[in-house]
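Novice: Have a look at this one.
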């Protein structure tokens, strides 16, 4: 049986596309926007809100300014969304092999007794700028480099907030791949090959 494959990725590195191709090649479920759909149903929050808050947080972007005395009785919408995502991730991972993109899935599954292959996809800034422009187009008055840096910072802060670990640190992953150097197809090939090996070893 294949492992559950988690894909952590820098913004603009092609992690979503690579994860989707891996799932198609291995013929296993792919979970990214599907998580948003499930969380929307279970939490009652709008999809747009979940997409915005699902991997981004910062100390300057809190939903409500509440006193320390009342904090113990209050759970922010972002915390509720995280717990709902965690529930969906665990439920799907325990059903069997799948590919899960982002949302601290590597951390969530680490101690869940689920056989996992945790992958980090990264690339140099120039490749990421080209990819973002190809996907979203040249948006007027938007500095693409700054947008990429902001998204990475938000993901780092989110990961740190909910895991107390450093996002992108090599020790959190089984394999780290440079999609700029290797290309998407080679990244897909390497992850699928490793998943096949792990499947054989666990047979």
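Residue numbers (our numbering): 19 to 221.
Ideal Cβ positions, reconstructed from N, Cα and C, are used throughout, including at glycine.
It should be emphasised that the depicted structure is a prediction, and the values quoted were computed from it without experimental measurement.
(1) Can you name the residues that DSSP bridges to residue 212?
(2) Give me the Cα-Cα distance between residue 138 and residue 40, rounded to the nearest whole angstrom.
(3) Only counting runs of 4 or more residues, tell me where the alpha helix (DSSP H) segments fall wholly within the region 112-145, in order along the chain.
(4) Alpha carbon to alpha carbon, how far is residue 151 from residue 162? Give it in angstroms, no decimals.
(5) In this structure, how does DSSP classify residue 217 when only helix, strand and coil are distinguished?
(6) Are the beta-carbon atoms belonging to residue 206 and residue 115 less than 8 Å from one another?
(7) What are the boundary residues of the beta strand (DSSP E) that residue 196 is part of?
(8) How many Å lie between residue 24 and residue 127 at the Cα?
(9) So residue 169 and residue 29 are supposed to be a Cβ contact under 8 Å. How far apart are they, rounded?
(10) Are the Cβ atoms of residue 46 and residue 106 separated by less than 8 Å?
(11) Classify residue 55: buried if its beta carbon has 16 or more other beta carbons within 10 angstroms, exposed otherwise.
(12) Using alpha carbons as the reference points, say which of 103, 43, 210, 49 lies closest to residue 68.
Specialist: Judging by the given coordinates:
(1) As computed with DSSP, residue 212 is found in no beta bridge at all.
(2) Using only the alpha carbons, I get a separation of about 14 Å.
(3) Within the region 112-145, the complete alpha helix (DSSP H) segments at least 4 residues long are 123-128, listed from N- to C-terminus.
(4) Put simply, the backbone Cα of residue 162 is about 8 Å away from that of residue 151.
(5) In the displayed model, residue 217 falls within a helix according to three-state DSSP.
(6) Not in contact: residue 206 and residue 115 (Cβ atoms no closer than 8 Å).
(7) For residue 196, the uninterrupted beta strand (DSSP E) segment begins and ends at 193-196.
(8) Between residue 24 and residue 127, the C-alpha separation is close to 9 Å.
(9) Right, their Cβ atoms sit about 4 Å apart.
(10) Not closer than 8 Å, so no.
(11) Flag for residue 55 reads exposed.
(12) For the residues 103, 43, 210, 49, the minimum Cα distance to residue 68 belongs to 103.
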